[in-house]
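This report concerns only the one structure given below.
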Amino acid sequence: MAVERTLSIIKPDAVAKNVIGQIISRFEDAGLSVVGARMMQLTREQAEGFYAVHKERPFFGELVGFMISGPVFVQVLEGEDAIAKNRDLMGATNPKEAEPGTIRADFAESIDANAAHGSDSAENARTEIDFFFKPDELTSR
Ligand code: UDP
Numbered sequence: 001m002a003v004e005r006t007l008s009i010i011k012p013d014a015v016a017k018n019v020i021g022q023i024i025s026r027f028e029d030a031g032l033s034v035v036g037a038r039m040m041q042l043t044r045e046q047a048e049g050f051y052a053v054h055k056e057r058p059f060f061g062e063l064v065g066f067m068i069s070g071p072v073f074v075q076v077l078e079g080e081d082a083i084a085k086n087r088d089l090m091g092a093t094n095p096k097e098a099e100p101g102t103i104r105a106d107f108a109e110s111i112d113a114n115a116a117h118g119s120d121s122a123e124n125a126r127t128e129i130d131f132f133f134k135p136d137e138l139t140s141r
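The sequence shown begins at 1 in full-length UniProt numbering and counts up one residue at a time.
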């Protein structure tokens, strides 16, 4: 296993529920460290750009609308196997199918308001981290 970095977003539904701290604790308890973070209100252009791979999907408009419906917490997590670990901690995209004890099972209501985003590959992690952070905004552990 290698030390990796991954992009995590705590989405507007979870920010509104005041569970940012509880979600970060799950990452830290699993051995991941926050090496960069920012609260943001995404613009429509930023949300469309971030989710550009989904622009032909039927849910794209709703996804963008949801992501700009309130502030998000954007962070870079670092640690052994960080990309897969973050995805495991989040659980399945649809919270109704997510394993009990995962972030989405515990904090999310629906597939379109599902509490968290996590990069799904090393290549996407690099692209997504660069989308939000300049190199000098990230620290190392
Ligand atoms: N999404 C949605 N409806 C769907 C599928 C996906 O609203 O039928 C949203 C959901 O918020 C998801 C995001 O689009 O987190 C990106 O979808 P992806 O399949 O990449 O899931 P993820 O990697 O976030 O689990």
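The beta-carbon is built from N, C-alpha and C at its ideal position, and this holds for glycine as well.
Report buried or exposed for Val-75, applying the criterion of at least 16 other Cβ atoms within 10 angstroms of its Cβ.
-> Correcting the residue type first, residue 75 is Gln in the shown sequence and not Val. Buried, since its Cβ has 16 or more Cβ neighbours within 10 Å.
In the DSSP assignment, find the alpha helix (DSSP H) that holds Gly-84 and state where it starts and stops.
-> Note on identity: in this sequence residue 84 is Ala, with Gly being the wrong assignment. Unbroken alpha helix (DSSP H) run through Ala-84: 82–90.
Run through DSSP, which three-state label would Ala-37 get?
-> strand
Should the segment 79–91 be regarded as contacting the segment 48–55, the criterion being three or more beta carbon pairs within less than 8 angstroms?
-> No, they do not touch.
State yes or no: is the C-beta of Asn-114 nearer than 7 angstroms to some heavy atom of the ligand UDP?
-> yes
For the segment 3–18 and the segment 82–92, state whether three or more C-beta atom pairs, one from each stretch, are separated by less than 8 angstroms.
-> Touching, per the Cβ criterion.
Drop a sphere of 10 angstroms on the beta-carbon of Arg-26, count the other beta-carbons inside from all chains shown, and report buried for 16 or more, exposed for fewer.
-> buried
Assuming residue 163 contacts Val-34 under a Cβ cut-off of 8 angstroms, what Cβ separation, rounded to an integer in Å, is found between them?
-> Absent from the structure is residue 163, since the part of the chain shown begins at 1 and ends at 141.
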